[in-house]
Amino acid sequence: MDAKDLPADADVLGEPFEVLAPGFVDHTGQWRRRGHAERSPDRRGYRDDLPRARPFGTTALLPTLITDLPDVTAAAIAAGIEAGKRNVPGFAGLHLEGPYLSIARKGRA
């Protein structure tokens, strides 16, 4: 669509106006890791992930919780609940894997 074809009251998001397309929803992003063992699930981490993904077209994230120790899992879920309550931009929820849905289908721990 050319800019001349837009309704007179349309908001133009940027110049030059070329293409407006829906963004990607990343629902399989593995939780960030610092090294192989240290993990840092927190609301700030969820908040900081989207700006790194946005240049690639991602507009919303559902961080994936892989099979992990119960305390790490609990911290990640608590951070997700807090991110949702605070309306962290781009945070769309959590993607729970394996043992959260079926212990028989869990990955390696």
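Here our numbering is used: the first residue of the sequence shown is 1, the next is one more, and so on. Just so you know, even glycine gets a beta-carbon here, dropped at the ideal spot from N, CA and C.
According to DSSP, residue pairing for Phe91 in a beta bridge involves Leu61.
In the displayed model, Leu96 falls within a strand according to three-state DSSP. Between Asp26 and Leu65, the C-beta gap is not smaller than 8 Å, which leaves the two residues out of contact.
According to the DSSP assignment, Asp71 belongs to the alpha helix (DSSP H) that extends over Pro70 to Lys85. Annotated three-state conformation of Asp9 is coil, per DSSP. Distance from Phe24 to Thr67 at the Cβ level is roughly 25 Å; contact not present, criterion being Cβ atoms closer than 8 Å. Taking every protein chain shown into account, the CB of Asp11 has fewer than 16 other CB atoms within 10 angstroms, so this residue is exposed.
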